Amino acid sequence: MRVEPVDDDAAFWDDRSGVLECLRETPPRIPAWYGYDAVGSELWEELSRLPSYYPTRAEFALLERHAGEIADRIGPRVAELGSGSAKKTRLLLSACQRRRRTMYLPIDVSREMLERSATVLPAELDGLEVHGLWGRYEAGLEYL
């Protein structure tokens, strides 16, 4: 169980000029990944549990129905972009673990969520190895 920073671009972590540039756009905006610190990630989790937010229920239903079939077709390493709490992914990881020893590589900008997953998932899924990749998707994919 470990969480490793894969994005060593200091400008990424303190990108004032990038934020100012985005705020000058029409309409003004803030890059989405800024919303996924510890507080933003928890807010997203709450939003995804609202009855009006149907994608979460649809994704759970698909994984409940097809996790075994997916697990049969993939290898022993499962990477996920924007893993968050990995609640839905548990279904797939559980199916994978029943077939073979599995390594889970969650990629996320929220170190807190990665650390939580790296602690909780191996306790829930005996033998699961978790290697969290902390940074932007591009850096995580380069690492893989």
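Numbering (our numbering), first residue to last: 100 to 243.
The C-beta atom is built at its ideal place from N, Cα and C for all residues, glycine as well.
The model shown is predicted, which means the values in this text are computed figures rather than measured ones.
Query, Result
"Simplified DSSP state of Arg176, which is helix, strand or coil", "strand"
"Asp106 vs Gly234 beta-carbon contact at 7 Å", "yes"
"Boundaries (first-last residue) of the beta strand (DSSP E) holding Gly231", "228-233"
"Limits of the alpha helix (DSSP H) - the one that Arg101 falls within", "That residue, Arg101, is in no alpha helix (DSSP H); its beta strand (DSSP E) goes 101-104."
"contact_flag[the stretch 222-230, the stretch 155-169] where n(CB pairs < 8 Å) is 3 or more", "no"
"Terminal residues of the beta strand (DSSP E) in which Pro205 lies", "202-207"
"Boundaries of the alpha helix (DSSP H) in which Thr188 is found, first to last residue", "188-198"
"Pairwise C-alpha distance: Arg172 and Ala194", "11 Å"
"Euclidean distance between Cα positions of Tyr242 and His230", "12 Å"
"Supposed contact pair Leu190 and Leu162 - C-beta distance, whole angstroms, cut 8 Å", "4 Å"
"Minimum length 3: unbroken beta strand (DSSP E) runs contained in the stretch 112-166", "none"
"Per-residue DSSP class, three states only, for Gly183", "coil"
"7 Å CB neighbourhood of Lys187 in its chain, flanking five on each side removed", "Glu158, Phe159, Leu162"
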